[in-house]
Amino acid sequence: MDERLIGLWSDRMLFPSDVESAELAFRGDGSGWLYWSSWSTEFTVSRYTWAAFTPGTLALKFHRTVNGTWSIDDGVTRHDVESDEKEESVIEVGYRIAPGEDPFGSPVTLLTLDRPLDDHLAGSRFAWVEKPESLNDPSVDAPRRGPSSPH
């Protein structure tokens with residue numbers, strides 16, 4: 017396991033004017049999630065387990081996808097889950113972690129994948145988030161419509 021991956025990575029600071037953003041979270045227990053959101057208030061969380069067995073190669077085994085809408089209420093972002101489905105896919109990608117710069121010239125640590133995560137609406141470049149609020153999936157405690165599904 018490459019411990020340099022553990023934490024939160026976001027493309028928001030690399031592409032600040034984009035109408036969509038994506039984040040990748042890697043937890044020390046081998047779990048993680050990809051969060052995609054749009055200014056249209058849609059979001060998707062794709063949960064996975066991860067491993068970096070060989071230097072520079074990352075395997076993401078996706079097992080659940082949650083979709084819905086987000087809103088801001090009194091300054092707090094809230095998520096409303098509309099679907100929660102099992103998923104079974106594995107993606108192996110090459111990766112590199114190196115120093116870089118954001119569009120304003122500020123130094124950042126970059127995670128660069130050898131190809132975009134197109135099936136999960138994400139690109140291939142992410143910047144390390146220095147002090148994330150949480151490494152929990154933002155939809156984990158969100159209200160669900162209809163029959164509830166396991167997390």
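If you're matching positions, the sequence shown starts at 17 in this note's numbering and goes up one per residue. Think of the CB as a built atom: it goes at the ideal place given N, C-alpha and C, for glycine as much as any other residue.
Using the three-state DSSP reduction, which class does residue i fall into: helix, strand or coil?
| i | result |
| --- | --- |
| arginine 131 | coil |
| leucine 74 | strand |
| leucine 126 | strand |
| glutamate 19 | helix |
Using the C-alpha atoms, what's the distance from residue j back to residue i?
| i | j | result |
| --- | --- | --- |
| methionine 17 | threonine 57 | 34 Å |
| leucine 30 | proline 148 | 16 Å |
| glycine 46 | histidine 79 | 13 Å |
| proline 166 | valine 61 | A caution first: proline 166 carries a pLDDT of 49, below 50, which makes its placement in the model unreliable, though a value can still be read off. Cα to Cα, proline 166 sits roughly 14 Å from valine 61. |
| tyrosine 51 | aspartate 118 | 20 Å |
| threonine 70 | leucine 24 | 21 Å |
| arginine 168 | leucine 74 | The question about residue 168 has no answer here: the residues shown for the chain are numbered 17 through 167. |
| arginine 10 | isoleucine 113 | The structure shown does not extend to residue 10, since the chain is modelled only from 17 through 167, so no value can be given for it. |
Tell me residue i's beta-bridge partners as DSSP assigns them.
| i | result |
| --- | --- |
| glutamate 39 | Ser26 and Tyr51 |
| proline 115 | Thr125 |
| histidine 95 | Trp86 |
Taking residue i as the reference, which of the options has the closest Cα?
| i | options | result |
| --- | --- | --- |
| serine 105 | Lys147, Lys77, Thr125 and Val124 | Lys77 |
| proline 132 | Asp27, Lys102, Asp153 and Ala68 | Asp27 |
| glutamate 98 | Glu108, Thr85 and Val109 | Thr85 |
| serine 6 | Thr128, Ile88, Gly46 and Val82 | The first residue shown for the chain is 17 and the last is 167, placing residue 6 beyond what the model contains. |
| valine 124 | Thr70, Glu39, Glu146 and Ala138 | Glu146 |
| proline 115 | Ser37, Glu108 and Leu126 | Leu126 |
Tell me whether the beta-carbon of residue i lies closer than 7 Å to the beta-carbon of residue j.
| i | j | result |
| --- | --- | --- |
| valine 82 | serine 155 | yes |
| histidine 95 | alanine 158 | yes |
| tryptophan 49 | alanine 41 | yes |
Quick one: does the C-beta of residue i sit closer than 6 Å to a heavy atom of the ligand SAH?
| i | result |
| --- | --- |
| aspartate 135 | Annotation note on the ligand SAH: not contained in the displayed structure, which lists no ligands. |
7 Å is my cut-off, CB to CB: does residue i come that close to chain D?
| i | result |
| --- | --- |
| aspartate 134 | The chain labelled as chain D is not found in the depicted structure, where only one protein chain is given. |
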